[in-house]
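Last residue of the sequence shown: number 140 in full-length UniProt numbering, and the count goes up by one each step with no gaps.
Positions of the beta carbon are idealized from the N, C-alpha and C atoms, including for glycine.
Only one structure is covered here, and it is reproduced in the block below.
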Amino acid sequence: MGALVTLELPAGSPQLDLPWIITFGPLDDDEEWEPVVCGPYERPHALALAQHVVADEDLMAVVEPLLPATSLDQIRAEIANAQDLAAQEADEIDDVLDDDADDEHDHDHDHDHDDHIVEAPSAAELKAGFARISARLTGA
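Structure, rendered in structure tokens:
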């Protein structure tokens, strides 16, 4: 069984409506092969496809939004934002490790997601999703 990594976004987040991509790569650091990027998909479709692929394979699937940036400034701002978030997360992890080095944690995660899809989407559903993504991106 593989691993699925994605963003946990609050309901109503504007990123939920963006196109999403899946990057499949090796789960084991000893394996070396070029990751495979698929998409764009609507988020529920991307999650369902990734879940089905990693269910039977020792792979890592990263499901993330595709940001349709239309300028260099937007791209640079997104990179700066990602770097800032990574630095903040590193600081938070360091703080937790310092504060709770001897404490045992009970990580109780909510896995009851509205976007959980049991069955993989069909080709027709994926193509309908492509059309909706295209319409959103072109403003049609």
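Which residues in the same chain as residue i place their Cβ atom closer than 6 Å to its Cβ, once the five residues preceding and following it in sequence are excluded?
i: G25; result: P35 and M60
i: T23; result: P35, V37 and V62
Do you know offhand how far residue i's Cα is from residue j's?
i: R43; j: S13; result: 12 Å
i: D94; j: W20; result: 31 Å
i: L49; j: A131; result: 18 Å
i: P10; j: G129; result: 21 Å
i: Q88; j: N81; result: 10 Å
i: D73; j: D28; result: 36 Å
i: L85; j: E92; result: 10 Å
How far does the beta strand (DSSP E) with residue i in it extend, from its first residue to its last?
i: L4; result: A3 to T6
i: L59; result: L59 to P65
Between which two residues does the alpha helix (DSSP H) containing residue i stretch?
i: T138; result: A123 to T138
i: L47; result: R43 to D56
Any heavy atom of the ligand SAH closer than 6 Å to the CB of residue i?
i: D84; result: No copy of the ligand SAH occurs in the structure displayed, which carries no ligand at all.
Who are the Cβ neighbours of residue i in its own chain at under 7 Å, not counting the five residues just before and after it?
i: L126; result: Y41 and H45
i: A124; result: none
Do residue i and residue j have their C-beta atoms within less than 7 Å of each other?
i: P68; j: L137; result: yes
i: G2; j: D58; result: yes
i: L7; j: V54; result: no
So is residue i buried or exposed if we call it buried at 16+ other beta carbons inside 10 Å?
i: I79; result: exposed
i: G39; result: buried
i: L18; result: buried
i: I133; result: buried
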